[in-house]
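Trainee: After the structure tokens below, expect a handful of questions from me.
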Amino acid sequence: METTNQKETIDSLNTLIQINNDRIQGYLTASAETTEHDLKNVFSDLMTASQECRRELVQEVVKLGGTPIEGTTVSGKIYRAWMDVKAAVTSKDRKAILNSCEFGEDAALKTYEGEIEGTALSGTEFLPLVKDQHAKLQSGHNKIKQLRDSIIS
Numbered sequence: 001m002e003t004t005n006q007k008e009t010i011d012s013l014n015t016l017i018q019i020n021n022d023r024i025q026g027y028l029t030a031s032a033e034t035t036e037h038d039l040k041n042v043f044s045d046l047m048t049a050s051q052e053c054r055r056e057l058v059q060e061v062v063k064l065g066g067t068p069i070e071g072t073t074v075s076g077k078i079y080r081a082w083m084d085v086k087a088a089v090t091s092k093d094r095k096a097i098l099n100s101c102e103f104g105e106d107a108a109l110k111t112y113e114g115e116i117e118g119t120a121l122s123g124t125e126f127l128p129l130v131k132d133q134h135a136k137l138q139s140g141h142n143k144i145k146q147l148r149d150s151i152i153s
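Anchor point for the sequence shown: position 151 equals 151 in full-length UniProt numbering, and the numbering is continuous, going up by one each time.
Written out as structure tokens, the structure is:
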């Protein structure tokens with residue numbers, strides 16, 4: 001039987017699984033919205049990083065006796081719909097796609113930061129893993145921002 005703390009930990013890890021699912025779907029969408037091979041490669045790398053994060057989190061949820069969540073967040077669905085509309089309106093403009101990606105990266109980072117600062121993971125063996133994943137996502141955010149900022153408007 002799960003303890004309250006164990007349930008909170010599982011819920012926290014599932015929140016992170018869900019945001020990685022959002023990130024994976026977001027980069028699938030972004031990749032479909034561009035014809036630029038350099039961006040497709042970056043999006044593929046970031047999607048692969050989130051797949052690895054998700055895999056690690058799923059393993060931990062299963063070890064705790066929980067059921068890993070499979071879907072995406074409502075806000076993630078709204079974000080992807082917004083990205084689809086924006087891409088259609090902007091004719092798949094590189095800067096617009098990167099702006100949309102940065103918006104998604106900001107959401108992912110905020111979710112990780114909320115879980116790191118929360119009580120569910122505090123003092124658990126999972127906190128170092130989550131902090132490491134946060135650093136990977138921060139690196140992805142920085143890459144997207146760097147690409148966006150390199151565009152001369």
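Here a beta-carbon is modelled for each residue, glycine too, at the ideal position from N, C-alpha and C.
Return helix, strand or coil for residue 111, following the three-state DSSP convention.
Mentor: Counting from 1 along the sequence shown, the entry for residue 111 is found at position 111. DSSP places residue 111 in helix when its eight states are reduced to three.
Trainee: Considering residue 93, what are the terminal residues of the alpha helix (DSSP H) in which it resides?
Mentor: On the sequence shown, position 93 is the one that residue 93 refers to. For residue 93, there is no enclosing alpha helix (DSSP H), as DSSP gives it neither H nor E.
Trainee: Which residue's Cα is closest to the Cα of residue 62: 106, 105, 17?
Mentor: One-based indexing of the sequence shown puts residue 62 at position 62. For residue 62, the nearest C-alpha among the options comes from 17.
Trainee: Can you grab the Cα-Cα spacing for the pair residue 89 / residue 11, in whole Å?
Mentor: Working through the sequence shown from its first residue, we reach residue 89 at position 89. Working through the sequence shown from its first residue, we reach residue 11 at position 11. In this prediction, residue 89 has a pLDDT of 47, which is less than 50 and means its spatial position is unreliable; what the coordinates show is noted afterwards. Between residue 89 and residue 11, the C-alpha separation is close to 37 Å.
Trainee: Using the rule of at least 16 other Cβ atoms within 10 Å of the residue's Cβ for burial, across every protein chain shown, is residue 29 buried or exposed?
Mentor: Residue mapping note: residue 29 aligns to position 29 of the sequence shown, counting from 1. By the 10 Å Cβ count, residue 29 comes out buried.
Trainee: Please state the DSSP three-state secondary structure of residue 36.
Mentor: Here residue 36 refers to the residue found at position 36 of the sequence shown. In the three-state reduction of the DSSP assignment, residue 36 falls in the coil class.
Trainee: Roughly how far, in whole angstroms, is the beta-carbon of residue 50 from the beta-carbon of residue 23, given that I think they are within contact range, below 8 Å?
Mentor: In the sequence shown, residue 50 corresponds to position 50, counting from 1. In the sequence shown, residue 23 corresponds to position 23, counting from 1. Rounded, the Cβ-Cβ distance is 4 Å, consistent with contact.
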